[in-house]
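Residue numbers (the working numbering): -16 to 358. Glycine is no exception: its CB is placed at the ideal position from the N, C-alpha and C atoms.
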């Protein structure tokens, strides 16, 4: 199955360096190697690869050179900048790796103007619909998650074994490489607390009390988990961005099967992942300014998701597992732009429905399979 970013990366490799980041085991290396048959692959963890990179002796007759885990090289940005400035992109230069590379997006750094960044997400219903019916794809995501290996195997026992090694590697390898954080037990407890609080506004003070740390430490730990692609925040939306940042965020897991809760909670997480994936895609391939938020009134009434593109609220989305009645959440936010689409996604629904005000109630699996946020 060709991954959704493959044609876009293939095109951009002819112009600039491509930096591909994303969660561990989301398929970055597999995607990189699928782009062509004539490539050289170097992993900085391998001593032989390090020697080759040191004297820059890869085969320049190949179409592509893949540099994996390059962020572990001291001053790697300056190193590859020099290659690009002198040799250009013949062969193409593809850098894959972890959160440390994704910080380029935030800092600009010495590669400014010389690279295209891409974020590879795990599978979602839309991508998996190429090989599974939407209902089966969603069922697998809710039970064994969307990372390619456990998703394709579809076995809960195999997923449980995969999950244990996956988290262990991230916390005991990637985290130590990225930060000086050594209190792995505390991070594991934080993750366990987050698993049962998906979809709820998060109080830093409450978490600080649970973990007997201060709120500043909790925020720093949550940022580490974001940087490691374990969780991502969804914040309230206001046209005044500063207000949004100060409000309590919700957190979701890239691995939906990590979520503790009923089917509705896991479905909400799966929808959050699919929406974020689509918005990151629009940002990376079109340069759009995209954001995933939720709506909240002063008295605490909420609507699950608000899709914002280039400053405009384009979609309001509420998620339910089996409730076929119109969600009251839409009535709490009057006066939205008439062009804003209102969608209620339901996990178990016999037929789609519409209302005179434009609200669409749709089967979650089928809507996610055909999802378009750019129209």
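Checklist entry - Can you list, in chain order, the residues of its chain whose CB lies under 7 Å from that of residue 155, leaving out five sequence neighbours each side? => result 167
Item to check | residue 256 - DSSP class collapsed to helix/strand/coil | outcome: helix
Item to check | Start-to-end residues for the alpha helix (DSSP H) that takes in residue 177 | outcome: 167 to 178
Checklist entry - Smallest Cα separation from residue 322: which of 302, 292, 334 and 351? => result 292
Next on the checklist: In the DSSP output, which residue or residues are listed as bridge partners for residue 274?
Outcome noted: 291
Item to check | 7 Å CB neighbourhood of residue 235 in its chain, flanking five on each side removed | outcome: 181, 214, 215, 217, 252, 255 and 256
Item to check | Delimiting residues of the alpha helix (DSSP H) encompassing residue 160 | outcome: 158 to 161
Checklist entry - Smallest Cα separation from residue 144: which of 247, 307 and 241? => result 241
Next on the checklist: So, with DSSP's three-state summary, where would you put residue 345?
Outcome noted: strand
Checklist entry - What do you reckon, are the CB atoms on residue 162 and residue 102 nearer than 8 Å? => result no
Checklist entry - Looking at residue 36 and residue 24, is the spacing between their C-beta atoms short of 8 Å? => result no
Checklist entry - Which partner residues does residue 219 have in the DSSP bridge list? => result 277
Next on the checklist: Tell me the rounded alpha-carbon separation between residue 47 and residue 120.
Outcome noted: 33 Å
Item to check | Closest Cα partner of residue 398 within the set 93, 157 and 16 | outcome: Nothing about residue 398 can be reported from this structure: the residues present for the chain run from -16 to 358 only.
Checklist entry - Which residues in the same chain have their Cβ closer than 8 Å to the Cβ of residue 333, if we skip the five residues on either side of it in sequence? => result 307
Checklist entry - How would you label residue 20, buried or exposed, when you count the other beta carbons within 10 angstroms and need 16 or more for buried? => result exposed
Checklist entry - Counting pairs of Cβ atoms below 8 Å between the segment 262 to 271 and the segment 199 to 208, do you hit three or more? => result no
Item to check | Option nearest residue 99 by Cα separation, candidates 335, 107 and 77 | outcome: 77
Checklist entry - In the DSSP assignment, what are the bridge partners of residue 80? => result 4
Item to check | Distance CB(residue 349)-CB(residue 117) smaller than 8 Å | outcome: yes
Checklist entry - Is the CB-CB distance between residue 128 and residue 238 below 8 Å? => result yes
Next on the checklist: Judging by CA-CA distance, which residue of 284, 97, 302 and 258 is the nearest neighbour of residue 245?
Outcome noted: 302
Item to check | Reference residue 51, options 82, 137 and 130, closest by Cα | outcome: 82
Checklist entry - With respect to the beta strand (DSSP E) encompassing residue 100, which residues constitute its N-terminal and C-terminal limits? => result 98 to 102
Checklist entry - Using DSSP with H/G/I as helix, E/B as strand and the rest coil, what is residue 26? => result strand
Item to check | Whole-angstrom distance between residue 358 and residue 338, CA atom to CA atom | outcome: 20 Å
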